[in-house]
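Just so we're aligned, residue 0 is where the sequence shown starts under numbering that gives the first Met the number 0, counting upward by one.
The block underneath contains the structure these notes are about, expressed in structure tokens.
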Amino acid sequence: MDMDKLVSLCKRRGFIFPSSEIYGGINGFWDYGPLGVELKRNIKDAWWRDNVHARDDMVGLDCSIIMNPKVWEASGHVGGFSDPMSTCRQCKRLFRTDQVWDQLQESDWFQSLVATGRDSQSLAQWAAKKGKKLAPGLALVRNPTEILSWLAERARTQPDEPIDAKTFVQYLATEQDARTGLVLPCPNCGGDLTEPRNFNLMFETHVGAVADEASKAYLRPETAQGIFANFKNVVDTGRVKVPFGIAQVGKSFRNEITPRNFTFRSREFEQMEIEFFCRPEESATWYKYWRDTRFQWYVDHGLRSDRLRIRDHDPGELSFYSTATADIEYGFPFGVSELEGIAHRGDYDLTQHQKYSGKDLGYFDEERKERYVPHVIEPSAGADRAALAFLCEAYTEDEIGGEARTVLKFHPRLAPIKAAIFPLVKKDGMPEKAQAIEREMKRRFPVFYDEKGAIGRRYRRQDEAGTPFCITVDGQTLTDDTVTVRDRDSCRQWRVPSAGVARALQDLLEGQPIPGDE
Ligand code: GAP
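Shown next, in the form of structure tokens:
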């Protein structure tokens with residue numbers, strides 16, 4: 000699937016727009032349009048229903064985005080929530096140091112350079128022409144004679160050692176003695192990058208009228224800490240007993256250095272997080288339970304292809320307090336990336352907050368008459384990443400009756416519109432009949448009425464919006480009071496009495512097979 004096609008469909012059909020687009024946009028921020036807001040809401044509602052309402056060991060929470068800054072000292076975010084960052088001395092752009100190589104490989108100038116060949120003559124020609132336009136900051140372009148002489152010397156002194164693409168570009172980018180301290184160049188202009196500096200990803204703000212150190216606060220970078228900070232409040236309300244979980248859905252903010260890949264890495268995004276508290280000796284069992292349950296949730300909602308996978312972290316990758324972590328990953332067109340992380344966090348968070356707040360966050364087990372700090376399993380998902388994965392998986396181009404169409408094959412639970420209702424033509428009482436069906440259905444689920452244009456075109460518009468069923472009032476309706484139901488994926492059509500169509504649709508949306516598929 001081509002990412003550009005999906006981005007363009009999202010814009011054209013009102014799923015996702017660049018934020019503040021009329022002012023040129025703002026990097027890393029996105030708006031959900033009329034269809035997108037329904038899709039994301041359906042994802043969050045399905046998550047909440049399955050994890051909170053359908054269980055008797057989970058309660059919800061909705062806490063403030065700005066919290067006492069001590070929360071972020073205790074959690075480690077003030078001290079350690081940072082990425083290494085380099086700035087280009089020539090064009091002043093910022094890059095995450097650990098992503099420079101990936102970005103370089105995608106850059107136009109690097110691809111043009113690689114296609115050129117490695118002999119001195121071709122490189123000199125490239126530097127004088129294409130390089131001047133595409134990579135004016137590259138040492139090879141600024142100082143070709145010197146750089147080519149380093150390269151020649153290397154070929155003379157190490158004739159048998161092949162030079163890989165990364166080292167090669169480093170040679171062309173490094174102005175000092177190229178035998179020591181090779182550096183990667185700027186993916187934008189080829190210029191020199193500064194040494195990495197740590198850059199804290201939390202957005203800062205000030206609370207109150209005076210903007211000084213004392214009034215400094217942060218926009219939360221995760222919803223999780225609000226849950227830990229309220230652990231005692233929730234336990235004291237008396238509704239819960241370990242093992243139990245607290246769930247929260249809400250906005251989080253990270254000043255990502257390189258927001259990229261559409262909504263995948265944004266600066267403002269929504270998380271769906273659970274902190275599940277359990278006895279230490281039961282924590283391994285609960286970890287396995289959440290790891291498997293969360294994976295199955297994506298499968299049940301339509302991520303059925305082998306693009307969905309789960310990756311257990313190697314011991315070397317784990318945080319010092321974690322005994323196990325797994326990532327649920329999806330093979331996006333831009334690469335395999337994380338949708339959700341499930342982490343065994345031990346008693347780290349509650350213990351930290353206990354230390355920083357001075358409040359006892361232990362749990363008293365009434366039956367066993369013992370006090371302990373529960374262990375935590377944290378399934379932490381992103382609503383925007385889930386929406387993007389569902390969009391990618393749903394996007395299909397196929398051919399029906401010799402005509403090409405684009406269709407979003409969403410799971411009915413997630414589809415923004417559940418059914419569209421059409422009169423075949425705008426006369427003979429068909430619009431009135433179709434509108435009466437629309438009114439009846441609207442009480443149950445979101446539907447869309449459309450009487451404009453050829454019927455085939457109306458079907459295709461709904462296919463692109465991911466609407467699972469279309470209902471058409473036609474000539475036969477006027478004689479036998481039946482309507483046509485059309486299935487989005489197979490394009491199969493059948494008739495049902497118009498009086499029972501809302502009920503029939505409800506059954507189909509809840510998973511009843513379509514006629515012919517039973
Ligand atoms: N409390 C744990 C935590 O926040 P994380 O792996 O940093 O863990 C959890 O984030 C999830 O939040 C990710 O798996 C992803 O779905 C989502 N997420 C994180 N950063 C994001 C970003 N910049 N843009 C969109 N989603 C993001």
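Idealized CB from N, CA, C, for every residue including glycine.
Computed from a predicted model, the values in this text were never measured in an experiment.
Close beta carbons around residue i, own chain, < 6 angstroms, minus the five adjacent residues each side
{"i": "A177", "result": "At A177 the pLDDT is 48, less than 50, meaning the model places this residue with poor confidence; the figure from the coordinates comes in the next sentence. Closer than 6 angstroms at Cβ, skipping near neighbours: W149 and Y170."}
{"i": "A325", "result": "R290, I309, D311 and I341"}
{"i": "G330", "result": "R306"}
{"i": "T129", "result": "For the sequence presented, residue 129 should be read as Lys rather than Thr. Around K129: S111."}
{"i": "V248", "result": "K43 and M271"}
{"i": "T86", "result": "L93 and T193"}
{"i": "P279", "result": "H374"}
{"i": "G518", "result": "Given that the chain is displayed from residue 0 to residue 517, the structure contains no residue 518 and the question cannot be resolved."}
Given residue i as reference, the closest of the options once Cα atoms are compared
{"i": "M440", "options": "F409, Q270, I256 and L508", "result": "L508"}
{"i": "D364", "options": "V372, F14 and K358", "result": "V372"}
{"i": "I226", "options": "K426, V58 and M2", "result": "V58"}
{"i": "W71", "options": "Y217, E20 and R48", "result": "Y217"}
{"i": "L139", "options": "E152, A123 and A154", "result": "A123"}
{"i": "D346", "options": "L338, S318 and P332", "result": "S318"}
{"i": "S588", "options": "G510, D118, D61 and K231", "result": "Residue numbering for the chain in the displayed model covers 0 to 517; residue 588 lies beyond these limits and cannot be assessed."}
{"i": "Q434", "options": "N67, V472 and R457", "result": "V472"}
{"i": "V500", "options": "W108, E105 and V446", "result": "V446"}
{"i": "S282", "options": "F243, D313, S265 and F294", "result": "F243"}
{"i": "F261", "options": "K10, G515, V298 and R502", "result": "K10"}
{"i": "V77", "options": "S336, F421, N199 and Y297", "result": "N199"}
{"i": "W29", "options": "T478, G334, F263 and R40", "result": "F263"}
{"i": "A380", "options": "G23, G180 and E221", "result": "E221"}
{"i": "M429", "options": "P415, D449, G27 and K417", "result": "D449"}
Proximity of residue i and residue j at Cβ, strictly below 8 angstroms
{"i": "M271", "j": "K43", "result": "yes"}
{"i": "F94", "j": "T257", "result": "yes"}
{"i": "H343", "j": "S321", "result": "yes"}
{"i": "F444", "j": "L413", "result": "no"}
{"i": "C188", "j": "Q102", "result": "no"}
{"i": "F276", "j": "S251", "result": "no"}
{"i": "G301", "j": "H410", "result": "yes"}
{"i": "E274", "j": "V424", "result": "no"}
{"i": "A419", "j": "Q475", "result": "no"}
{"i": "N197", "j": "S81", "result": "yes"}
{"i": "R487", "j": "P467", "result": "yes"}
{"i": "A393", "j": "G315", "result": "no"}
{"i": "Y362", "j": "V209", "result": "no"}
{"i": "F421", "j": "R457", "result": "yes"}
Enclosing beta strand (DSSP E) for residue i [first to last residue]
{"i": "H374", "result": "H374 to G381"}
{"i": "I420", "result": "A418 to P422"}
{"i": "I518", "result": "No answer is possible for residue 518: it lies beyond the span of the chain, which begins at 0 and ends at 517."}
{"i": "E337", "result": "G334 to G345"}
{"i": "K132", "result": "Unbroken run through K132 is the alpha helix (DSSP H), K129 to L133; no beta strand (DSSP E)."}
{"i": "I399", "result": "Y394 to I399"}
N- and C-terminal bounds of the alpha helix (DSSP H) containing residue i
{"i": "L407", "result": "No alpha helix (DSSP H) contains L407, which is instead part of the beta strand (DSSP E) from E402 to L407."}
{"i": "T322", "result": "Here T322 belongs to no alpha helix (DSSP H), and DSSP marks it neither H nor E."}
{"i": "C9", "result": "M2 to R12"}
{"i": "L38", "result": "P33 to W47"}
{"i": "D479", "result": "G474 to D479"}
{"i": "A223", "result": "A223 to A228"}
{"i": "L504", "result": "V500 to L508"}
Residue i - partner residues in DSSP beta bridges
{"i": "M201", "result": "DSSP output for M201 lists no bridge partner at all."}
{"i": "Q157", "result": "Looking at the DSSP assignment, Q157 forms no beta bridge with any residue, so it has no partner."}
{"i": "W71", "result": "None; W71 has no bridge partner."}
{"i": "W296", "result": "According to DSSP, W296 bridges with nothing at all."}
{"i": "E267", "result": "F252"}
{"i": "V58", "result": "I245"}
{"i": "C469", "result": "A419 and R485"}
{"i": "S81", "result": "N199"}
{"i": "D239", "result": "For clarity, residue 239 is Val in the given sequence; the question names Asp instead. None, per the DSSP bridge assignment."}
{"i": "W29", "result": "P17"}
{"i": "I65", "result": "L218"}
{"i": "P496", "result": "T481"}
{"i": "G330", "result": "V335"}
Spatial neighbours of residue i in its chain, beta-carbon cut-off 8 angstroms, leaving aside the 5 residues before and after
{"i": "T395", "result": "T405, V406, L407 and K408"}
{"i": "L183", "result": "V99, W100, L103, K165, V168, Q169, A172 and L192"}
{"i": "N229", "result": "L60, C62 and I245"}
{"i": "G455", "result": "E402"}
{"i": "L147", "result": "S119, L122, A123 and L139"}
Beta-carbon proximity list for residue i, same chain, < 7 angstroms, skipping 5 on both sides
{"i": "G32", "result": "G13, F14, I15 and F16"}
{"i": "K215", "result": "P68, E203 and H205"}
{"i": "K131", "result": "V140"}
{"i": "W125", "result": "L112 and T115"}
Residue i: CB within 7 angstroms of a non-hydrogen atom of the ligand FMN
{"i": "F268", "result": "The model depicted lacks the ligand FMN and carries the ligand GAP instead."}
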